[in-house]
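A short write-up of the structure that comes next.
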Amino acid sequence: MSGIIAPSILSADYTNLERDVKLVEAAGAEYLHIDVMDGNFVPSISYGPNWVKQLRPETDMVLDVHLMVTNPEKIVDEFADAGADIIGVHVEATPHIHRALQMIKNKGVKAEVVINPGTPVLAIEPVLDMVDQVLVMTVNPGFGGQKFLPSTLEKIAQLRAVRDELGYDFDIQVDGGINDETVVAAYEAGANVFVAGSYVYDKVDPAAKIARLKALTK
Ligand code: DX5
Ligand code: ZN
């Protein structure tokens, strides 16, 4: 199965957002990764459901919404109504992870559970049978441009083994510090969906960066 590339709009040029969205779409990115931050679960604040609603008609890419917010169950319905295709919730952000995932599924949206670098796979085992995607954070969430943490690779491999053993079919996504070197390690460990922010959008030629990530995950 070849890799799915999900550019993170967090690193785009906000004064040229439409250009930066169309550009990665034309380059063949399948997903657009949207980092929602509440200033509580993580220090930064980014955007909310109205922003996603306005973006929706502008692109055919899968809108992959990563909620870095405390008690996400309070707002998953709003993001689903705004047009999200996938909604990810952190296991660390709520005592009600099962309910949050159930709410996403009830809206007909793909449900994703997310784990931070300090959280073991064991913490999400009870919900693995209900998710469409697992996001293994490869940096501590909150900012773009951080360095990939190699200690997360073992968790990717562990998840792949559990999935294959129990016959689940969730995708394994990685997010944080992905570039043309770390993508190879994550791919070999078992990831198949690759978020990349600063690698794609910083400096020059986002389209070439996407082509390179795709070629490395064939
Ligand atoms: C980090 C976010 C990431 C971020 C990745 O909290 O979840 O999606 O945009 O940025 P890079 O690829 O620059 O590490
Ligand atoms: Zn993210």
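Here the working numbering is used: the first residue of the sequence shown is 4, the next is one more, and so on.
The beta-carbon is built from N, C-alpha and C at its ideal position, and this holds for glycine as well.
All of these numbers come straight from a predicted model, not from anything done at the bench.
Uninterrupted beta strand (DSSP E) stretches at least 3 residues long and entirely within the stretch 4 to 77 occur at 7 to 10, 34 to 40 and 65 to 71, given in chain order.
Every residue with a CB closer than 6 Å to a heavy atom of ligand 2 is listed here in chain order: S11, H36, D38, H69, D178 and V198.
Closest in alpha carbon position to L138, among R102, D132, T97 and G91, is G91. Comparing alpha carbon positions, the residue from D16, D167, P144 and A87 closest to L131 is D167. A199 has P10 as its beta-bridge partners, per DSSP.
For the pair K158 and V124, the CB atoms are nearer than the 7 Å cut-off. Taking 6 Å as the cut-off, one finds at least one heavy atom of ligand 1 near enough to the beta carbon of G148.
DSSP places V134 outside both helix and strand once states are collapsed to three, so it counts as coil.
Rounded to the nearest whole angstrom, the CA to CA distance from V79 to V187 is 32 Å. The shortest C-alpha to C-alpha distance from E76 to any of N109, P60 and G170 is the one to N109. In this structure, DSSP gives I181 a state outside helix and strand, which the three-state scheme calls coil. With a cutoff of 6 Å, S154 does not count as near ligand 1, since its C-beta is closer than that to no heavy atom of the ligand. Looking at G6, S5 and S11, the one whose alpha-carbon comes closest to that of Y202 is S11. Only residues of its own chain outside the window of five on either side were considered, and among them M71, V72, T73 and A96 have a CB closer than 6 Å to the CB of F44, listed in chain order.
Per the coordinates, the alpha-carbon of M133 lies some 21 Å from the alpha-carbon of D178. The shortest C-alpha to C-alpha distance from A210 to any of V27, L13 and T18 is the one to V27.
Contact between A9 and V55 does not hold, since their C-beta atoms are separated by about 15 Å, which reaches or exceeds 8 Å. In this chain, K206 is not harboured by any alpha helix (DSSP H), its DSSP state being neither H nor E.
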